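> Would you mind keeping the following structure in view while I ask a few things?
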Amino acid sequence: MEMRSAIVVGGTGLVGSNLVKLLCESKEYVSVTVIARKQPTFEHPKLTVKLRSFDQIEEKDIEFAHEIYCCLGTTIKKAGSREEFEKVDVQYPLHIASLAKKCGIMHFILISAMGANEKSRVYYNRVKGKLEKELIDLELPQVSIVRPSLLVGERNEFRFGEKIGEWVLKIFNPLLIGPMKKYRSIEAAQLALAMKTIALYGDKSPVTIYNSAQLSNMKMPELPEEGLAPSEEIFNWGKFKEEELTPIDEEVVFNREKLQELQVNDETKQ
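For the sequence shown, full-length UniProt numbering begins at 1 and goes up steadily by one.
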């Protein structure tokens, strides 16, 4: 697999911080760029941080990457008004997505929310639905939208309503089975893992939406170790004693035709 580079927008929040750490410690990625308003607490040789106000992000801030992970999100209480809330949850992601398209980035991965629907009676779901629709309308090469249920994990800030929901769902999670399974809470670390898995092995359709039940069960596939299969081994050195080994031109070892010629000559002499 080719070595990859990624951009994480909003890499200091609950999911973003888990994702940045995961990507930096991953063998598949050689470069991870975070665009955020504040400095992440995590440091790593692969990590580059660009401190920006999201009102001022320009095309030059979006370098080439294989994918952009958009982890932006807030609450009305924290934003201060519905207008400011929609700026963070709709305007900023769409602006970054449009820049990504201009820069030739092939894959945009967005954290949305379960229940996202632009026609919903619930304001929060309606805003997320609006974001999804307008993102899809941009016609990027590939868009993956993840719709997690309530996120669980250690935040830098205390959200009373989410804490109550977290405690309730811890009790009821085991009871949510079948079609109700998608309502189970999901750990932020698991969502980060699911997003990485989607980037590397997910559906390659232009637009794919993943629900919380799918995200909860995602994990990286187990791949065989790189190298020759046992049947492809040229020599099994373990069978020989050191005194039995005869120096051979190393070109022979890696050139099968020469190796076969050598074996034929040996058989002829016998």
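Cβ atoms here follow ideal geometry from the backbone N, Cα and C, with glycine treated the same way.
Quick caveat, the model's predicted, so the values are computed rather than measured.
List the DSSP bridge partners of I209.
In the DSSP output, where bridge partners are listed per residue, I209 has I145.
> Can you tell me where the beta strand (DSSP E) with V127 in it begins and where it stops?
Careful: V127 lies outside any beta strand (DSSP E), inside the alpha helix (DSSP H) at Y123 to D137.
> Could you check where the beta strand (DSSP E) with A36 kicks off and where it finishes?
Counting along the chain, the beta strand (DSSP E) containing A36 begins and ends at Y29 to A36.
> Pick out whichever of I35, R126, S81 and M106 has its Cα sitting closest to the Cα of A113.
It is R126.
> Does DSSP put K119 in a helix, in a strand, or in coil?
Reduced to three states, the DSSP call for K119 is coil.
> Only counting runs of 4 or more residues, tell me where the alpha helix (DSSP H) segments fall wholly within the UniProt domain "NAD-dependent epimerase/dehydratase" (7-113), in order along the chain.
Complete alpha helix (DSSP H) runs here, min 4: 14-24, 76-79, 82-86 and 92-102.
> Would the segment 98-115 count as touching the segment 185-202 if we require 3 or more Cβ pairs under 8 Å?
Enough Cβ pairs lie closer than 8 Å, so yes.
> Which of the three DSSP states, helix, strand or coil, is assigned to L140?
It is coil, neither helix nor strand.
> Taking the alpha-carbon positions, what's the V8 to S26 distance?
Approximately 15 Å, taken between the alpha carbons.
> Return the CA-CA distance between P206 and E67, expressed in angstroms with no decimal places.
Rounded to the nearest angstrom, the two C-alpha atoms are 14 Å apart.
> With DSSP collapsed to three states, give me the class of L151.
In this structure, L151 counts as strand in the three-state DSSP scheme.
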